[in-house]
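Since the structure comes first, as structure tokens, the remarks are kept for the end.
In UniProt numbering, the protein residues as written are 1 to 99.
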């Protein structure tokens, strides 16, 4: 995982051995790091302030990719799939008009 946190969490540049990608702009990014990448980009925004009375908006980082990883490995299948099943079953119930 550590190699994926280099380069502001974009990961190391992809090797372009077969010439499939352009020579720049392609990285070995971890699929769960998008929240960290967004948070790092927000920290580079020019109009940031530490004075909350001057702020037009606030951002509280939540790293969903890291949170869900707790349930993807090391749990039994019913625990791992519970959130997905709840989403699907809830969607079908909502579409059918059953409350």
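All C-beta atoms in this analysis are idealised placements derived from N, C-alpha and C, irrespective of residue type, glycine included. Just so it is clear, the structure is predicted and the values come from calculations on it, not from any experiment.
{"Item": "Looking at C-alpha atoms only, which residue of 82, 2, 67 is the closest neighbour of residue 35?", "Value": "67"}
{"Item": "For residue 46, report the span of its alpha helix (DSSP H) as first-last.", "Value": "It is not in any alpha helix (DSSP H) - residue 46 carries neither H nor E in the DSSP assignment."}
{"Item": "Is the CB-CB distance between residue 4 and residue 28 below 8 Å?", "Value": "yes"}
{"Item": "Please list, in chain order, all residues of the same chain as residue 14 whose beta carbon is under 7 Å from its beta carbon, the five residues on each side excluded.", "Value": "21, 26, 27, 28"}
{"Item": "If we ignore side chains and look at the alpha-carbon of each, how far apart do residue 39 and residue 78 end up?", "Value": "32 Å"}
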